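Position one of the sequence shown corresponds to residue 66 (this note's numbering), numbered consecutively onward.
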Amino acid sequence: MEKGLGTMPSIEAMRLFVKILEEEDPGWYPRASNSVPDTAVDFQINNTMAESSFESGASFGEIKKNSTEDGGLTKTQDKDVVLEDPNTVSVYNQWTALRTSGQPPKARYEHGAAVIQDKMYMYGGNHNGRYLGDLHVLDLKNWTWSRVETKVVTESQETSSPAKLTHCAGHSLIPWENKLLSVGGHTKDPSESMIVKEFDLHSCSWSILKTYGKPPISRGGQSATLVGKSLVIFGGQDAKKSLLNDLHILHLDTMTWDEIDVLGSPPTPRSDHAAAAHAERYLLIFGGASHATCFDDLHVLDLQSMEWSRHTQQGEAPTQRAGHAGVTIGENWYIVGGGDNKTGASETVVLNMSTLAWSVVTSVQGRVPLASEGLSLVLSSYSGEDVIVAFGGYNGSYNNEVNVFKPSHKSSLKSKIMGASPVPNSFSAVNNATTRDIESEIELSRESKVREIVMDNVNPRSKVGGTSERVITILKSEKEELEASLNKEMIQTLQLKEELAEIDTRNTELYKELQSVRSQLAAEQSRCFKLEVEVAEVRQKLQTMETLQKELELLQRQRAVASEQAAAMNAKRQSSGGVWGWLAGTPPPKT
């Protein structure tokens, strides 16, 4: 191999080197272009402990020290976890373990976390089987922790002492109108129904909200997904350790509960699953656990028809897990952590919610906090880019580390279109594969090619000398390849535009047909209503006629009886008249 490189022209050798570097470490270029001396430190964790179970309580692997070119020592960890100082989140598609300042919270899991105005609020959780009730905030601009001193607001008075609300774990923390909503959760003394607590950021006070309708029974480990102005609650485990798979919706504008009757086959009862909303119409449920097993299934609920469905998953489907966390960026749903009570899930996976195709973004090795159950995951921005922030978790030990992941938002659009199986129309209709997405993929391809060409020619140690014509020839060939690739992409773009136009036209026709059917149905319903009214009137007349008939028969019977009585009276009068006439000496009438 070394002989081949030695005889290879310098430009070709550089091209091969860059190609191999891209394949082995896709994140090298951002690090090289944004590198800051002595700020990014990698450390390597031994792989020997990766197979140990959570219950074993084994410690992390040894930290290796490698010598550098200047004779110094640097700690190195798995290539997918980079330890960096604050303000230096420069690596894409890899987890970065940040050094934070301030007093960090106690290590925990099953806590709640939410982001409001570049600050991550973390509340409650579980440590050594004890429920927690403290509230901490992490400033996402300077990565500084601080504890929030809270107070409780009651109907009658306001106290300034630290809050002594019921400590909880397995709850959901939701940002809503510059406030935090804490929904459900396991507590030491559970109530009969689910409680909604509100934290006001301005007054730093907790209060219990009054809700209307029939609330769900108290529970923890449920999912609470914000869809528009509604909070969709699914599953969990109640105070009696019974697993649930019911569905409730809390309308936040009126604080009214609705229990939803759904169609189709719902997911089996479970807790510690993950849920996400897509296009404000679909609710996705992934994973979770029962008392005996963990799940790896994916269920979709259409929030318009309220019907459950289970679709075939594409790509690299994740393993069974519970206690994982998820966050959505556009149509991508990132899933991190979780476990099956034996080992932690080491891979960070992403689901394209339009195609239902899974892919593995990165993975970690060893029993690191990212392979934990009960960790939290939130989405924020840093230096104008999306970042995912993970905190806490349990993997045999309780964690309070902060890890950050910066997605590159690159995706193989062609492989998604060509490789993914068709998704049922009821779900794929929301797949907005717009022209802008395609153009961004073309731009990324162009940038990659240009970068490769530049790197081919930026080698200060190479002696090109009289090979300028060869360089020009190479550049021309690269240009032709790039133009051919762009032409192919443009053709594919046009084809997709035509397909989208056909789909839009078909959707318009179907909508018109649906409106026509609805109109006909409304007319038939109106006609049926009129017929029902006429039938009711005829029935009423028949009942009236039957009543009159009965009265007539009664009168006829009475008349017959009266006639008989009258005849009998006449007969008696005639017979009694002859006797009295004889007594009176009146001769009987002559016949």
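C-beta atoms are modelled at their ideal positions from N, C-alpha and C, and glycine is treated no differently.
Values in this document were obtained by computation on a predicted structure and should not be read as measured data.
Check	Outcome
For Val414, which option in His236, Ser446 and Gly380 has the closest C-alpha, if you only look at C-alpha atoms?	Gly380
Measuring CA to CA, which of Thr377, Pro434 and Ile314 is closest to Ala390?	Pro434
Please classify Lys294 as buried or exposed, where buried requires at least 16 other C-beta atoms within 10 Å of its C-beta.	exposed
Here's a check: name, in chain order, each residue in its chain whose Cβ is nearer than 7 Å to the Cβ of Ala340, leaving out the five neighbours to either side.	Ser288, Thr290, Phe299, Leu348, Leu349 and Ile350
Whose C-alpha, out of Pro169, Asn207 and Val154, is nearest the C-alpha of Ala162?	Val154
Would you kindly report the start and end of the unbroken beta strand (DSSP E) that includes Phe470?	Val467 to Phe470
Can you give the Cα-Cα distance for Leu312 and Cys593, rounded to whole angstroms?	35 Å
Taking the DSSP output, what are the residues bridged to His316?	Ser295 and Thr321
Classify Cys269 as helix, strand or coil using the three-state DSSP reduction.	coil
May I have the straight-line CA-CA distance separating Arg403 from Ser591, to the nearest angstrom?	Correcting the residue identity first, residue 403 is Gly in this sequence and not Arg. Each residue's Cα considered, the two are about 55 Å apart.
For Thr113 and Gln430, I'd like the C-alpha separation in whole angstroms.	Because Thr113 sits at a pLDDT of 30, beneath the cut-off of 50, its placement in the model cannot be relied upon, and the following sentence gives the value as read from the coordinates. Between Thr113 and Gln430, the C-alpha separation is close to 9 Å.
In this structure, does DSSP put Met187 in helix, strand or coil?	strand
To test your reading of the DSSP string, which unbroken beta strand (DSSP E) runs of 3 or more residues are found completely within the segment 520–593?	none
Decide if Gly250 is buried, meaning its Cβ has at least 16 other Cβ atoms within 10 Å, or exposed.	buried
Is the beta carbon of Ile282 closer than 9 Å to that of Asp303?	yes
Can you name the residues that DSSP bridges to Arg386?	Phe360
Just verifying my parser: in three-state terms, what is the DSSP assignment at Leu617?	helix
Taking 9 Å as the threshold (C-beta atoms), are His343 and Glu257 in contact?	no
Pick from Glu345, Met371, Trp160 and Trp322: whose alpha carbon is nearest that of Pro331?	Met371
Tell me the DSSP secondary structure of Ser336 in three-state form.	strand
Hey, Lys471 and Val443: beta-carbon distance below 9 Å or not?	no
Determine the contact status of Leu238 and Leu245, defining contact as a CB-CB distance below 9 Å.	yes
Just confirm the distance between the C-beta atoms of Trp241 and Leu317, as a whole number of angstroms; I'd bet it's less than 8 Å.	6 Å
Please name the residue, chosen from Leu363, Val261, Trp373 and Gln585, that lies closest to Arg386 on a Cα-to-Cα basis.	Leu363
Out of Gly301, Thr609 and His201, which has the shortest C-alpha to C-alpha gap to Gly190?	His201
If distances are taken between C-alpha atoms only, which option among Gly461, Thr384, Thr321 and Ile325 comes closest to Gly717?	A question about residue 717 goes unanswered here, because the residues of the chain that appear run from 66 up to 656.
Nearest to Gly368 by CA position, among Tyr399, Tyr447 and Gly329, is which residue?	At residue 368 the sequence reads Leu, which differs from the Gly that was named. The residue with the shortest Cα to Cα distance from Leu368 is Gly329.
Can you check the segment 195–254 for any beta strand (DSSP E) of at least 3 residues that lies completely inside it and give the ranges in chain order?	195–204, 209–212, 237–241 and 244–248
Opposite Ser374 in the DSSP bridges: which residues?	Val365
Using only the alpha-carbon positions, how far apart do Thr209 and Val180 sit?	14 Å
Could you check which residue in Pro170, Lys279, Lys541 and Ser437 has the C-alpha nearest to that of Gly461?	Ser437
What residues in its chain sit with their C-beta under 8 Å from that of Arg346, if we drop five residues either side in the sequence?	Asp367, Leu368, Gln369 and Val495
Tell me whether the beta-carbon of Lys216 lies closer than 9 Å to the beta-carbon of Ser270.	yes
In angstroms with no decimal places, state the Cα-to-Cα distance between Gln557 and Thr393.	28 Å
I need the DSSP call for Arg622, collapsed to helix, strand or coil.	helix
Taking the beta strand (DSSP E) that Gly177 falls in, what are its first and last residues?	Gly177 to Ile181
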